[in-house]
Structure formats: structure tokens, C-alpha cells
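Residue numbers (my numbering): 189 to 721.
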């Protein structure tokens, strides 16, 4: 774990060694970068904003136009700005006081007050710092807006894919010129698509490998935390994950918003490892998807280890992909289904060389579908796991709860005798009602039966493993899976099926457990873990 390799991203896959015409793959393309700016008047969206959001926008504009105002002038707002997690613990009276201080009408139930205050803080952090910087140096707008990515749903991305121009053929494509009015002065802002090489050099500079000392103040963890480099529009339909979508929401529940809920990197001189996990629902299909860029994901997140599930690869595909991985990620370990080709499959890709790797659970009845890869590192075991789905008609439910789950639970408890365990992947279970949009309508659906939920508790949680996202966000509705039918992702009608479970011994060392709902390309989205070492 003491050795870390320097990461130099040109692309996640080296196309020259991949036995397919590179022009057919989506790797060389950047996701569409779209510049959006806020003028002196707001535009109306197709989905009208709530009265509270309109009031927030008006007050925020007034605050930004006032040169003498900063949130640090008010101790109440400064305190919750420094630690947004305090908002959920505030009483209704405290929330109303804070909103009045910000000049926002304190109306509604507690969850509405919480949402209004979080929205205000997000706009203050993202919007005010960006606009104030423009007052000092309007030329910064070009750089900032060219780096901003507008998130779209899976359906919209696929629909628009054919309209994207190849970045390699278009060095700089001018977008519509926007005018940003600042205190009566007009500044022209050109939103541009930045060339691949320009983006590469800009994002690669200043990166440090993990397990070394990292600067939290300058190394920004993601675009959500990087408030100073973005102009943020009000929450709207393009950020569907910010919708509190649930058939039966409980008092105090709020929607997961990575812009305000993700934590910045640990403080300077703190060693940590960053792990991502993603059910890609077919790796080859993902790499061919126009609009998806593995390079962009890697540069945004700067992960140390990537765990994949449902790769759907065959053994004959693995070697060519392994040989195509860029320098710094030579350590990759793959397992495929032998009984059903192009099915299941898991992998671990790492810039850190593990001490040892093993495949499966060591039980032949469970190890023919390529569902488990285990990597041993200095201070923990890491498992990439794709738990069997109970299937249509719950035909595999009995196998799942009486054989697979107990075997996996026994396996990780055996590993835990020597060092802590991190288990991640698609565990195919929405454990609680907060983890699924429509609990009442899915009582006998695979992934939410009472049998599966009880098995999840019995074999994992009750045996000392901690659900890191739920521990960090007890009242947050955050999904990781949306079916392709009926526009589920656009309406945020999802399930939380993907987890990071960790041994209780290291649960307090988890710095952040997060979801990346804006990353498209699969019916699942990636999840992440930052663990202090």
C-alpha cells in the first residue's frame, strides 16, 4: 500500500492496442460540455420552480449584486456552510431563523425548510463565488464555463448521442454567446467545447497519487465540490437526482444531492484510498456508447481502485482489454461466467498492486458465474461482488437466501479474522423502504422481498458489517439503479442496490461514502468510498 503509481490520463483504454476500429468506440470523445450562465433575469424552465426556489433565486441575486455581502458576515450561516451536515440536525425553529437571516421566507414542513436552506447554501457556494470572481476578472468566465458539464438523463444522452461532433475533429466550437450582466456592465461569455489535448493538460496538472500526502485545499475531489470553477443553474429537471422521489416519503427525508452532500478530501498529510464501484451492465457496450468518456470519469474522480460488476465479458475478451489499460493501471483482475457466456462477470482495476488476488468463494456451486473477485491490500481486503438476482418469478430466491448469501457472509467473516474487509458491488437488495421509490408496489419483486431484506440483515449487517452510505446519510433518499422503462431515471424513480459494506473496525475511518448519479452509460451509476488509512 506504500507504493503508488503516477497517473497520466490520455484515455482510460489505449485504443491502439484494442482489436476494434477506434473510431467506433466512444472513448475518444468527451461528454458534451455546455456553457450556461445566469443573467440578471432567470429563464423559465419547462418544470416550474417552487415558490421557495424563486424566492431563493431572487435573494441570492440581490446578495451577489451587493459587493459588501458575504455569508461569512453572519455566524449562523457561516457555521452551517462550514459543515452542511448540521442542517439535518437543526430544529424547525433553528431552520426558520437561518432562513430569515438569509432573507428567505421560512415556510413549509421541516423537509422543505431543509431543502430550501441546502439550496440556498449550494447557490451561495457555487453561484456567488463564481460571479464575484467575474467582477474582478471577467475573462475567467471563458475558462470556467468551458469546463462545466451539464448533466442529462440516460434517455436524453442516448437521444442526443448522434448529434455530438468528434472532439478530435473540432478543436474549438463556438456556442451561442451569452451575456452576463454584472451591476449594469455587460460581459460577453463564449462557452466552448475544449479540445481533448487542452482538457487533458488542464486536468492532469497538479494531480497526486493516492496513499501519498494530498492537498485537500487544492486537489478538488469532484466537480460537485469544485464550487469556484462552475456556474450553477438552479436545481431543475436536468438534475433529476435532486428530486425527492418516493411514493411514501417520511418526515425528515431529503433527496441526495452530491453537490452539497459530498465531502471534500481529507486534510493535508492524511493518507487515504479512494475506491469506485460500478455495475456497467456490459463493458463493451459502455465503451462503444457515444457521449461516454472513461477518460473524463477518471480525471474527475482520480480513483485508486475501480471495481466493476456485470462486465458480460468472455474469457477471450479479457486479455485484449488488460493489454489496453494505460500506464498506472496495469493491475487488473477479471473473472467471467463459464456456464453462460456474456453474462455476469466482475473485475478489480487498480493503480496499487495488491498482495494477493483470489476468485470466487471457494465453493464450486457458486463460482461458475464470475461473481466475486477479492484483492488483498496492506490494511484490508477488497471484494468486487455481483450478487445473483432472484429473477423473474423469484425462481432463484431460495438459492439466493439459503445458499449464496450465507456463503458470502461466511467467506467475508473468515477473511476478517486477518484484516478488515470492504465489500462493494451490486448486492441486488434495496434494504429499507427509503432505498426504493415504490416500496408498496414491489413487495414481491426481486430485490425487495422481505426474505432478501432479512437475509441482507442476517448475513451482513448483523454480523458486524456497516452500510457506509446509510450510516453517513440516515435520512437521505439516494438511488443507484433506474430501470430503462418509463423514464425512471428522468423522474428519479429508482432503487439503491449498490453498496460499500465495511468491517465495523474501520467504519469510523470512512471519510466519505457517495453516489455519482450524473454518470451515465448503464442502468446503474457508480458509487464511491474514501477511506482514511
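Heads up, the beta-carbon is just placed ideally off N, CA and C, and yes, glycines get one too.
Span of the beta strand (DSSP E) around residue 507
By 1-based counting over the chain shown, the position of residue 507 is 319. Segment 503-512 is the alpha helix (DSSP H) holding residue 507; no beta strand (DSSP E) there.
For the region 466-473 and the region 488-502, state whether three or more C-beta atom pairs, one from each stretch, are separated by less than 8 Å.
yes
Out of curiosity, what's the CA-to-CA distance linking residue 409 and residue 716?
One-based indexing of the chain shown puts residue 409 at position 221. One-based indexing of the chain shown puts residue 716 at position 528. For residue 409, the predicted structure reports a pLDDT of 41, less than 50, and the residue's modelled location is therefore unreliable. The matter cannot be settled from this model.
Quick test of your reading: residue 444 and residue 661, contact by CB under 8 Å. State the CB separation rounded to the nearest angstrom.
Along the chain shown, one-based indexing puts residue 444 at 256. Along the chain shown, one-based indexing puts residue 661 at 473. Yes, residue 444 and residue 661 are in contact; Cβ-Cβ is about 7 Å, under 8 Å.
Rounded to whole angstroms, how far is the Cβ of residue 612 from the Cβ of residue 572, which I believe are closer than 8 Å?
Locating residue 612 in the chain shown gives position 424, where the first residue counts as 1. Locating residue 572 in the chain shown gives position 384, where the first residue counts as 1. 6 Å between Cβ atoms; contact.
Verify whether the separation of the beta carbon atoms of residue 665 and residue 708 is less than 8 Å.
Counting from 1 along the chain shown, the entry for residue 665 is found at position 477. Counting from 1 along the chain shown, the entry for residue 708 is found at position 520. Against a cut-off of 8 Å, the Cβ pair of residue 708 and residue 665 comes out as no contact.
Using CA coordinates, which residue listed in 563, 577 and 493 is at the minimum distance from residue 640?
Mapped onto the chain shown, residue 640 falls at position 452. Minimum Cα distance to residue 640 is reached at 577.
In the region 437-502, which residue ranges form an unbroken beta strand (DSSP E) of at least 3 residues, counting only runs that do not cross its ends?
460-467 and 493-497
Taking DSSP's pairing of strands, which residues face residue 517 in a bridge?
As a working mapping, residue 517 is identified with position 329 in the chain shown. Answer is none; residue 517 lacks a bridge partner.
Buried or exposed: which applies to residue 656, given that a residue is buried once 16 or more other Cβ atoms fall within 10 Å of its Cβ?
Counting from one through the chain shown, the residue named residue 656 turns up at place 468. Classification of residue 656: buried, given that the 10 Å Cβ count is 16 or more.
By DSSP's criteria, residue 609 is part of a beta bridge. Which residues make up the other side?
Your numbering for residue 609 matches position 421 in the chain shown. Bridge partners of residue 609: 569.
Would a C-beta distance cut-off of 8 Å place residue 532 and residue 589 closer than the cut-off?
For this step, residue 532 is matched to residue 344 along the chain shown. For this step, residue 589 is matched to residue 401 along the chain shown. The answer is no: Cβ separation not under 8 Å.
Compare the C-alpha of residue 463 against each of 487, 448 and 491 and name the closest.
As a position in the chain shown, residue 463 is number 275, starting the count at 1. With distances taken between Cα atoms, residue 463 lies closest to 491.
Can you give me the Cβ contacts of residue 555 inside the same chain, cut-off strictly under 8 Å, excluding the 5 residues immediately before and after it?
As a working mapping, residue 555 is identified with position 367 in the chain shown. Correct list, in chain order: 547, 548 and 549.
Rounded separation between residue 609 and residue 496 - CA only
As a working note, residue 609 is residue 421 in the chain shown. As a working note, residue 496 is residue 308 in the chain shown. Distance between the alpha carbons of residue 609 and residue 496: 17 Å.
Chain D contact for residue 486 (CB, 8 Å cutoff)
The structure shown has no chain D; it contains just one protein chain.
In its own chain, which residues sit with a C-beta less than 8 Å from the C-beta of residue 442, not counting the 5 before and 5 after it?
For the purposes of this step, residue 442 is identified with residue 254 of the chain shown, where counting begins at 1. Closer than 8 Å at Cβ, skipping near neighbours: 276, 299, 302, 303, 306, 432, 663, 664 and 665.
Could you tell me the distance, in whole angstroms, from the CA atom of residue 636 to the CA atom of residue 618?
Within the chain shown, residue 636 is the residue found at index 448, counting from 1. Within the chain shown, residue 618 is the residue found at index 430, counting from 1. Taking the straight line from one Cα to the other gives about 6 Å.
Leaving out the 5 sequence neighbours to the left and right, which residues in its chain are closer than 8 Å to residue 439 when beta-carbon positions are compared?
Position 251 of the chain shown holds residue 439. If we look at residue 439 and ignore the five residues flanking it on each side, its Cβ neighbours are 297, 298 and 299.
Other residues of its chain near residue 429: CB distance less than 6 Å, five sequence neighbours each side excluded
Working through the chain shown from its first residue, we reach residue 429 at position 241. Result list for residue 429: 680 and 705, in chain order.
Could you give the DSSP three-state label for residue 429: helix, strand or coil?
If you number the chain shown from 1, residue 429 lands on position 241. Helix at residue 429.
Alpha carbon of residue 336 to alpha carbon of residue 295, nearest angstrom
Within the chain shown, the letter at position 148 stands for residue 336. Within the chain shown, the letter at position 107 stands for residue 295. Any reading at residue 336 needs caution, since the residue's pLDDT is 37, under 50, leaving its predicted position unreliable; the model's value is listed next. Cα to Cα, residue 336 sits roughly 33 Å from residue 295.
Which residues does DSSP pair with residue 688 in a beta bridge?
Indexing the chain shown from 1 puts residue 688 at position 500. Answer is 612, bridged to residue 688.
Which residues in the same chain have their Cβ closer than 6 Å to the Cβ of residue 522, if we skip the five residues on either side of it in sequence?
Along the chain shown, read from residue 1 onward, the residue named residue 522 stands at position 334. Excluding sequence neighbours, residue 522 sits near 506 and 535.
Residue environment, residue 325, which counts as buried when at least 16 other CB atoms sit within 10 Å
In the chain shown, counting from the first residue as 1, residue 325 sits at position 137. Confidence is the limiting factor: at residue 325 the pLDDT is only 42, short of 50, which leaves the residue's position unreliable, though a coordinate-based value still follows. When all chains shown are included, residue 325 counts as exposed.
When you compare only the Cα positions, how much space is there between residue 477 and residue 541?
For the purposes of this step, residue 477 is identified with residue 289 of the chain shown, where counting begins at 1. For the purposes of this step, residue 541 is identified with residue 353 of the chain shown, where counting begins at 1. Computed Cα separation, rounded: 30 Å.
Nearest residue (CA-CA) to residue 616, options 273, 687 and 605
What you label residue 616 is simply residue 428 of the chain shown in a count that begins at 1. Closest by alpha carbon: 687.
The beta strand (DSSP E) spanning residue 547 covers which residue range?
If you number the chain shown from 1, residue 547 lands on position 359. Element bounds for residue 547: 544-547.
Beta-carbon proximity of residue 712 to residue 614, cut-off 8 Å:
Position 524 of the chain shown, counted from the first residue, corresponds to residue 712. Position 426 of the chain shown, counted from the first residue, corresponds to residue 614. Contact flag set, yes.
Among residues of its own chain, excluding the 5 on either side of residue 563, which ones have a beta-carbon nearer than 6 Å to its beta-carbon?
Along the chain shown, read from residue 1 onward, the residue named residue 563 stands at position 375. Once the five neighbours on either side are set aside, the close Cβ partners of residue 563 are 536, 542, 545 and 570.
Is DSSP giving residue 655 helix, strand or coil here?
Residue 655 sits at position 467 when you count from the first residue of the chain shown. Here residue 655 sits in strand by DSSP.
Can the beta-carbon of residue 634 be found less than 8 Å from the beta-carbon of residue 582?
Looking up residue 634 in the chain shown gives position 446. Looking up residue 582 in the chain shown gives position 394. A contact, by the Cβ cut-off of 8 Å.
Suppose the cutoff is 8 Å on Cβ atoms and the five residues either side in sequence are ignored; what does the same chain contact list for residue 628 look like?
Counting from 1 along the chain shown, the entry for residue 628 is found at position 440. The residues are 435 and 436.
For residue 278 and residue 449, what's the separation of their Cα atoms in angstroms?
Your numbering for residue 278 matches position 90 in the chain shown. Your numbering for residue 449 matches position 261 in the chain shown. C-alpha separation (whole angstroms): 16 Å.
Going by DSSP, what residue range makes up the beta strand (DSSP E) through residue 717?
As a position in the chain shown, residue 717 is number 529, starting the count at 1. It spans 715-720 - the beta strand (DSSP E) in which residue 717 sits, taken as one unbroken run.
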